[in-house]
Amino acid sequence: MLKNYFNIALRNILKHKFYSLLNVIGLSIGLACFMLISLFVKDELSYDSHFEGADRIYRVDFAATLNGSDHISAAVGAPTALALKTDYPEVEDALRFRNSGNWFVKRKGQTETFKEEHVAMADSNFFKFFSLDLIYGDIETALNRPNTLVMDLTTSKKIFGDINPVGEVLVLDNQDDYEVAGVYADIPDNTHFHHNMMLSMSTFDWANNQNWLSTNFNTYVKLKEGIAGEALEAKFPDMIQTYCAPLIEQFLNMNMEEFKNSGNAVGFSLFPMTEIHLASDKDSDLEANGDIKYVFIFSAVGLFILVLACINFMNLATARSANRAKEVGVRKAMGARKKQLINQFVSEALLISVLAFIISYVISFIAVPSFNTLAGKELSFITLLDGSFVLFMLGVMILVGLLAGSYPAFYMSMFKPVEVLKGTVRQGIKSGPIRSALVIFQFAISIIMIIGTAIVFDQLSFIQNKKLGYEKDQILMVNDAWILRDQVDAYKEEASRNANVMSSTIASFTPMGNTNNSDLYFKNASAASDESLVISIAVVDHDFVNTMEIEVNEGRYFSEEFASDSMAVLINETAARNFGYESPIGSSIYKYGGSNENPVVEGYKIIGVVSDFHFKSLRNNIEPLVMHLGQNSGFALFKIQMENADATIDHLEATWDKFVPGQPFEYQFMNQQFNAMYEAENKVGEIFTVFAVLTIFIACLGLFGLAAFTAEQKTKEIGIRKTLGASIPSIVNLLSKNFLKLIFIALVIAIPIASFAMNYWLEEFAYRTNLKPSTYIISGVIAISIAWITISFQSWKAARVNPAKSLKDE
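Once you know that position 379 of the sequence shown is 1134 in my numbering, the rest is easy, because the numbers rise by one and skip nothing.
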């Protein structure tokens, strides 16, 4: 019986090649898209699950509210890890990380220098905590001594080649010797941190800092088997009272009860490690994370594309039902049962699904590199052949076959033999309410995708064109200026002698969201908490405001004429407003300096107020900012004339080589770094564009088939109308108007859904574009135009047929 079903199914597929081809193409593309998006989703959901005991590992987070200002951090104070491990029996182990930025690295006695960008400090129990093996070195001794480091295999091969480097000495930043204590396998891509080099935490004295309110260390705890995170969190208020309350009383002159009664709060919480990648967006995250929102969006897109392909099959099968009505009638008259007919039609759907499944795998193999570029991933071809993934896709294939074939099978198996053989079964195109609804659904999804794509790019355009309050288009940033040390001013001066350099500045701060440096400032020297703010800090030189074209609204900027400016500050408008100043010039703000044991209140005179400018992402509101005069040299910034940019870059590099020969010279334009801040949104826009095109293409495949079938069924009517003088445009209009009505209905349905969905997406931006009517109008015109072209092509072909040929059998 099964063989008979297969033979008949194959015969029908070959007999109706055109419609079969449309179905196979649509299902192949739908399955391939679903397959690639499934790989993306699987990868996103798998982050950190490869670590042993991953479900028992939590990050300790810190949150504080002070005078209505919230501070939420993925880092805590240095002593937190030890206290958790010592005081709480629920904790099996605790570990600290701290990102340490870029380091210049070279082998002792050699000149070739490498720049390592993903370096961290780590406690000595790192390998035991994460159950990682060393390729070279001893787990027991790696990182347990000052001035030792470990590195991943890729870095080891880059610096040392294929030898075992344990015991070798590296010179970091031309001044500190570190012994290589181990080499570990490269950290998997699906991990929320990717350090290629780790320095022993015991090297640094500040790792023993006892300030619980200084949030500098990413701290993790591994709980004992059977212990829930909530059980440990329930004890955190006691930890706050024991360790934080004395500091609050010392620094804010109030006890915990007074602190809380003033509306303030401070606390710790546990964040499951396996959720960090998709759910954490906090200050001091080890690296930029993903977003669960995009996992949901792309999952929905993949599912919708697959459903659209299934709808094509259902529409074409039911539209062609009249062509197979006699087959059904004859088989029923010969004794075929309804169940047998259903099995036959479902078998045809499954066979098409199998063919589409095979082709979709070929498409996916070819498309993986392009998809990786699009999604910013490094998915492997091998994953497509993973046993569990193949089984999953086989299940999807069977489900698609059943879903696509079920409605046509039940629909056609209900034909009555008497009506069929009398020729009273209406043509498939007349039985179309459900089919019309499916066409509307298809194009509603397609239009939503088009509108979504347009709004994403509209927001990106808004970001690009928004006035940020500073110059970014002519600023060239030379990275790692700290390596110049006491020669940094000399480098700036000599590099600025080039005629193409308009101005220059040395700063640790750039308005690119790359700083988490902040401190607690007070409006008066008594340090009362009701007049305090947590304020971001920018350490700059005398030329920063001029080079960045930041406007000073009130007062003046730092000047070399005033030696007292070393204890002066500028604040932005938001800081002035939050402190309640009407005119802050001449007033002072205060913060604690000195050591934890001997804190000293330091006062800084306010000499100027700068206009608010965006120094973080447009996802965030502008925060309070204070500018200090100093020599913290992370970047050398040059405002240059773009007409001679290449020659200017050559000059800057030559000057760099003169001052620090052999050190890597890296630069970028500030607008490039600005664009990189919105890489995720750019990726979303690109992915939406691709899938919007594919969605429209699949929907149009079905529409193309339905239009062809409609034209086929109306061949004689068209011939008669042409004989009676009907023009080709009028016939095209006759055949296309019903379809276009469905597209208009789809547009009306799609607009409010797209508006709701994109408003939800835009909520993550504090500064965002307005949804404009023109976006919906243009999107609707695009969808209707594509549909009309698709329909009109078939209608025009039918209208051009010679009436004599159409009516020759009459």
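Just so you know, even glycine gets a beta-carbon here, dropped at the ideal spot from N, CA and C.
Predicted, not measured: the structure shown is a model, and the values here were computed from it.
Looking at the DSSP output, Asp825 shares a beta bridge with Thr820. Taking the C-beta atoms as reference points, Pro901 is found nearer than 8 angstroms to Ser955. Judged by DSSP in its simplified three-state form, Gln1197 adopts helix.
Counting only the Cα atoms, Ile792 lies some 20 angstroms from Val1109.
By alpha-carbon distance to Leu1134, the top candidate from Asn857, Ile1305, Phe915 and Glu799 is Glu799.
Assignment of beta-bridge partners to Met1232 by DSSP yields Leu1392 and Gln1423. Residues Pro1266, Met1303, Glu1304, Ile1305 and Phe1368 of the same chain have their beta carbon placed closer than 7 angstroms to that of Tyr1225, with the five preceding and five following residues left out of the count. In the structure shown, Gly1131 falls within a coil segment according to DSSP collapsed to helix, strand and coil. For Glu1378, no alpha helix (DSSP H) encloses it, and the DSSP letter there is neither H nor E.
With a cutoff of 8 angstroms on beta-carbon distance, Val905 and Gly864 are scored as not near each other. DSSP places Asn1308 within a strand segment (E or B) once states are collapsed to three.
Asp1213 has its alpha-carbon roughly 10 angstroms from the corresponding atom of Ile1206. The Cβ neighbour count for Lys1492, taken over all protein chains shown within 10 Å, is under 16; the residue is labelled exposed. The closest CA to that of Gln1418, considering only Phe869, Ile1340 and Arg1240, is found on Phe869.
For the pair of segments examined, the region 1248–1259 was found not to touch the region 1322–1339: the number of CB pairs separated by less than 8 angstroms stays below three. Contiguous alpha helix (DSSP H) elements confined to the region 913–999 occur at 984–988 and 991–994, taking only those with 4 or more residues. Within 10 angstroms of the beta-carbon of Asn919 lie fewer than 16 other beta-carbons, which makes it exposed. With contacts defined by Cβ atoms closer than 8 angstroms, Ile1060 and Cys788 form a contacting pair. Apart from sequence neighbours up to five positions away, the residues of its chain that approach Tyr998 with a beta-carbon distance below 7 angstroms are Ala838 and Trp967, ordered along the chain. Between Gly785 and Ile1451, the C-beta gap is not smaller than 8 angstroms, which leaves the two residues out of contact.
The region 1433–1445 makes no contact with the region 1285–1296; the number of CB pairs closer than 8 angstroms stays below 3. Of Ser1191, Ile1238 and Ile995, the smallest CA-CA separation from Lys1496 is found for Ser1191. A distance below 6 angstroms between beta-carbons, with the five flanking residues on each side excluded, links Ile827 to the following residues of its chain, in chain order: Ala818 and Lys1037. Within the same chain, and ignoring the five residues on either side of Ala833 in sequence, the residues whose Cβ sits closer than 8 angstroms to its Cβ are Arg851, Trp961, Ala962, Asn963, Asn964, Gln965, Asn966, Ser969, Asn971 and Phe972.
The DSSP assignment places 1483–1517 as complete runs of the alpha helix (DSSP H) inside the region 1482–1517, in order along the chain (cut-off: 4 residues). Using a Cβ distance threshold of 8 angstroms, Phe1511 and Leu1458 do not count as a contacting pair. By a beta-carbon distance limit of 8 angstroms, Glu1357 does not contact Gly1363. Their separation comes to about 19 angstroms. Within the same chain, no residue comes within 8 angstroms of Gln1427 by CB-CB distance, once the 5 residues on both sides are set aside. By the beta-carbon neighbour count (other beta carbons within 10 angstroms, threshold 16), Gly1156 is buried. Contact annotation: Leu925 and Val935 have beta-carbon atoms nearer than 8 angstroms. Counting every other CB atom within 10 Å of its CB across the protein chains shown gives Phe884 a total of 16 or more, marking it as buried.
Annotation: the region 1240–1290 contains the following complete segments of the alpha helix (DSSP H) (minimum length 4 residues), in chain order: 1243–1250. For the set Phe1264, Val1365 and Leu1215, the Cα lying nearest the Cα of Asn1525 is the one of Leu1215. In the three-state DSSP reduction, Gly1045 falls in the coil class, being neither helix nor strand. In the DSSP assignment, Ala875 falls outside any alpha helix (DSSP H) and lies within the beta strand (DSSP E) extending over Val874 to Ala877. Residue Ile1153 holds the alpha-carbon nearest to the alpha-carbon of Ala1111 among Met1028, Leu1140 and Ile1153.
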